[in-house]
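In the working numbering, the protein residues as written are 19 to 657.
See below:
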C-alpha cells in the first residue's frame, strides 16, 4: 500500500547553483526544453527495451512504446509522458536531485558571472531535465518503474528554489509523466501548433512515435477544438536507418544534439551502411568543441550501440579506440546477439571488425577536413585541432595500424610563422626543407615562449632551417613512437651532438675543428669546475647569441620530459646534462684566459651552467648560490 507521507529534501549544491543559472540566465533558445525532455523519454524507452530482452514481463500488457505531449490551457501546463522504464523512489532522488555527471566541477569553475556567456555554457553542458525550469516555475514528475506495483509510484515536485518533495502515489501504468507548470509570459507554448512545430524541428528523428491530440476546426465555435484521438507528429523511424537522401542537414544536426546532449552543431559527420562479413550501420559525429571530461581516459565512450534497431548500451567504448573517445553517434549491428554484454563485446570478432571499420571511417572524415580546398572546411579542421589535437596524438602510440594516417593529420607550431598556432603539418615542413636537409628538426618545451626562445634554435634561425615547436604534454610520449615521417628522421635540436649534414659546407666544418682545438684547455678546466653538475663540457656550433646551452645525450630522456615526470611524482633517471659553450661569446672568450685555480673561474663556470638551465625552462637546485655568484660577478665588472 502506498505511503502517504511527503518528504522534503534539499538539492545537491551544484544543482542549486545550476537552477539559478537556468532560471535567471536562460538559454538563448528556450524551445530546446522540449527537445531535452523528449530525448529523456526516448532514452527511458530504450532502457526498457534493453532490460526486457531478458525479462519480457516488464512490458506487462503494454508493448507499444510511445511518447505523448499534451497541454492544458486552463491549468497552463504541458505534460510529456512516456511508457518507458520509469524510476523508483531511489532513482528519482538520485537522478533529479543530483548531477551525476563527470566534469561537474570543471563546469562550475568556468562560470564567469556573465549571464549571456553562462547561458551558452549551460547549453554546452547539456543539463537535460533541468531545462524544464526555463519555461516552468514548478515541475511535477510522476513515475512508476517497470515491473513495480501501481502503489509503488512516486511523485517528485519542485519550484527550483533549492528543495524538492517526494511522496508515494498510485499510478496505473509504468513510465514517467513530466508536468511543466508554465511561468507567466509563456502562454505562446499553450498551442498544439506551436508544440508540433517544435517537435518536428528538434525531435523528428526520434524513433518512437510522439503523439499529440488531434485538433479540428469547429465552425460553430469558430475555433480549433481538441479531439480524443491522438496522431503521430514525427517520422518515428530510426534516422540512421533511413536513406541518406531522405535526411536533411538540419535533421542530422538535431540527431547529434539528441545523442550528445550538446548545444552546438557538429563539425562534420559520416553516415554509412557497411556490408560484408559484418553488416552494420554507422552514424558518427565529430563535435565542435571538447567536453569537460575529455582528459578522463576512463570515462565511457560516446557511441550508442543498437542491434537490429534495439538499443543495447549508450557507452560502448569497445567500438572506438580511446584516442577517438570524443566521437559521438550510433552503430547498429545486424550480426551481434540481442543479449550482447560487455564481456561479449570484448571478445567478439565482429566487434573488432566494427571497431576497425569505424576507426578508419573517422580518420577518413578528418582527412577530408584537413585536405579540403575550401577555406570554410579548412577552418573546421583548425577548430578540430584546437579542441582535440592533443587527444588524437595519443593514437600514434595506441594504434600502430593507423599510425601513418594519424601522423599526416598532426599539426604543430614552428619557427616558420613564429606564432603559437598549430597549423604546420609534416607535409608542409618537408615541402619547405632546405636543399641537402634530410631530417625533421624539433624542440620540446613546457610552453610556446620557452620553445620559441630556446637557445638551441639559434644556428637553425641563422641558416633559415625550420624547427617544429612541440609544447603539448603528450608530445614527449608521442615522440617515443614516432621516430620518422616519410623517410625523414625526427631529430631533437636539444639532444646529442649537432650534425647538420649537408647544411654545413667544408669550410664551416674545418673552422669548427680549429675552434675545438683552440678551446680544448678551457673545456677541460670547466669539466673540473662542474664535475658535480655536468656530464661533459664541449664547444658548440649550435649557438650564435647565447653563451651556453644544455643538451641531453642522444639516448637519454630530454630535460623537458624529466621535468614533467618529476612534476607528476614519477621517478626519473638522475642523469647529468652536457654543457655546450659558445666560443664566440664574450663571456666564454673572457673565461678562456681566467686562471682555473681562481674562485672566479669556478663561479663563472657555475653561472654559465645555471643560466643555460634557466634558459631551457629548468629550475635551479641552489638558486641562492646562483644569485650570490651573479651579484659578485656584477660587482667585480662594475669596478
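Ideal placement from N, C-alpha and C gives every residue a C-beta, glycine not left out.
Residue i: first and last residue of the uninterrupted alpha helix (DSSP H) it sits in
{"i": "residue 368", "result": "367-388"}
{"i": "residue 446", "result": "444-449"}
{"i": "residue 425", "result": "421-427"}
Among the options, the one whose alpha carbon lies nearest that of residue i
{"i": "residue 519", "options": "567, 574 and 453", "result": "453"}
{"i": "residue 633", "options": "212, 98, 494 and 563", "result": "563"}
{"i": "residue 545", "options": "501, 595 and 576", "result": "595"}
{"i": "residue 647", "options": "639, 624 and 636", "result": "624"}
{"i": "residue 445", "options": "492, 424 and 436", "result": "424"}
{"i": "residue 198", "options": "185, 150 and 162", "result": "150"}
{"i": "residue 312", "options": "410, 222, 179 and 106", "result": "410"}
{"i": "residue 539", "options": "553, 524 and 557", "result": "557"}
{"i": "residue 413", "options": "292, 176 and 377", "result": "377"}
{"i": "residue 572", "options": "566, 289, 524 and 517", "result": "517"}
{"i": "residue 293", "options": "567, 389 and 371", "result": "371"}
{"i": "residue 258", "options": "201, 248 and 301", "result": "301"}
{"i": "residue 486", "options": "458, 621, 626 and 512", "result": "458"}
{"i": "residue 418", "options": "374, 443 and 442", "result": "374"}
{"i": "residue 618", "options": "592, 652 and 641", "result": "652"}
{"i": "residue 100", "options": "58, 73, 429 and 639", "result": "58"}
{"i": "residue 537", "options": "608, 480 and 228", "result": "608"}
{"i": "residue 441", "options": "464, 400 and 64", "result": "400"}
{"i": "residue 181", "options": "157, 430 and 470", "result": "157"}
{"i": "residue 227", "options": "437, 56, 635 and 553", "result": "56"}
{"i": "residue 598", "options": "341, 348, 513 and 328", "result": "513"}
{"i": "residue 382", "options": "541, 507, 526 and 288", "result": "288"}
{"i": "residue 63", "options": "627, 330, 367 and 253", "result": "330"}
{"i": "residue 305", "options": "593, 467, 391 and 276", "result": "276"}
{"i": "residue 555", "options": "583, 526, 601 and 578", "result": "601"}
{"i": "residue 286", "options": "355, 345 and 254", "result": "345"}
{"i": "residue 567", "options": "603, 482 and 580", "result": "603"}
{"i": "residue 326", "options": "343, 356, 404 and 525", "result": "356"}
{"i": "residue 522", "options": "542, 456 and 468", "result": "456"}
{"i": "residue 14", "options": "48, 303, 179 and 190", "result": "In the structure displayed, the chain extends from 19 to 657; residue 14 sits before or after that span and is not available."}
{"i": "residue 25", "options": "73, 175 and 92", "result": "175"}
{"i": "residue 407", "options": "488, 394, 352 and 338", "result": "488"}
{"i": "residue 249", "options": "260, 211 and 256", "result": "211"}
{"i": "residue 490", "options": "515, 430 and 471", "result": "430"}
{"i": "residue 654", "options": "281, 629, 622 and 89", "result": "622"}
Endpoints, beta strand (DSSP E) assigned at residue i
{"i": "residue 399", "result": "Per DSSP, residue 399 belongs to no beta strand (DSSP E); it is in the alpha helix (DSSP H), 393-411."}
{"i": "residue 331", "result": "328-331"}
{"i": "residue 632", "result": "Here residue 632 belongs to no beta strand (DSSP E); instead the alpha helix (DSSP H) covers 617-633."}
{"i": "residue 173", "result": "171-176"}
{"i": "residue 187", "result": "181-187"}
{"i": "residue 60", "result": "Not the beta strand (DSSP E): residue 60 falls in the alpha helix (DSSP H), residues 50-70."}
{"i": "residue 194", "result": "193-200"}
{"i": "residue 27", "result": "24-28"}
Bridge-paired residues (DSSP) for residue i
{"i": "residue 544", "result": "DSSP output for residue 544 lists no bridge partner at all."}
{"i": "residue 223", "result": "In the DSSP output, where bridge partners are listed per residue, residue 223 has none listed."}
{"i": "residue 230", "result": "249"}
{"i": "residue 151", "result": "Its beta-bridge partners do not exist; DSSP assigns none."}
{"i": "residue 320", "result": "346"}
{"i": "residue 351", "result": "298 and 325"}
{"i": "residue 431", "result": "487"}
{"i": "residue 160", "result": "173 and 195"}
{"i": "residue 457", "result": "507"}
Alpha helix (DSSP H) segments (min. 4 residues) lying fully within the stretch 462-486: Here the runs fully enclosed are 466-470 and 476-481.
For the stretch 259-313, which segments carrying the alpha helix (DSSP H) assignment without a break, of at least 4 residues, lie completely within its bounds, in sequence order? If you keep only unbroken alpha helix (DSSP H) runs of at least 4 residues inside the stretch 259-313, you get 267-278.
Is there contact between the stretch 198-215 and the stretch 263-277, where contact requires at least three CB pairs shorter than 8 Å? The stretch 198-215, when compared against the stretch 263-277, does not touch it at the 8 Å Cβ threshold.
Curious, which full-length alpha helix (DSSP H) runs of at least 4 residues does the stretch 481-527 contain? Within the stretch 481-527, the runs of alpha helix (DSSP H) that reach at least 4 residues and sit entirely inside it are, in chain order, 492-497.
Would you check if there are 3 or more beta carbon pairs closer than 8 Å linking the stretch 466-484 to the stretch 494-502? The stretch 466-484, when compared against the stretch 494-502, does not touch it at the 8 Å Cβ threshold.
Output the residue ranges of the alpha helix (DSSP H) runs that lie fully inside the stretch 83-115 and measure 4 residues or longer, sorted by chain position. Given a length threshold of 4 residues, each whole run of the alpha helix (DSSP H) inside the stretch 83-115 is given here in chain order: 107-115.
Counting pairs of Cβ atoms below 8 Å between the stretch 97-106 and the stretch 153-164, do you hit three or more? Counting Cβ pairs under 8 Å, three or more are found: they touch.
For the stretch 546-614, which segments carrying the alpha helix (DSSP H) assignment without a break, of at least 4 residues, lie completely within its bounds, in sequence order? With a minimum length of 4 residues, the continuous alpha helix (DSSP H) runs that stay inside the stretch 546-614 are 577-585 and 604-610.
Count Cβ pairs between the stretch 243-255 and the stretch 70-80 that sit closer than 8 Å; are there 3 or more? As far as the Cβ criterion goes, the stretch 243-255 does not touch the stretch 70-80, which means the pair count is below three.
Closer than 8 Å is the cut-off here; do at least three beta carbon pairs connect the stretch 220-235 with the stretch 185-198? Contact between the stretch 220-235 and the stretch 185-198 is absent, because fewer than three Cβ pairs lie under 8 Å.
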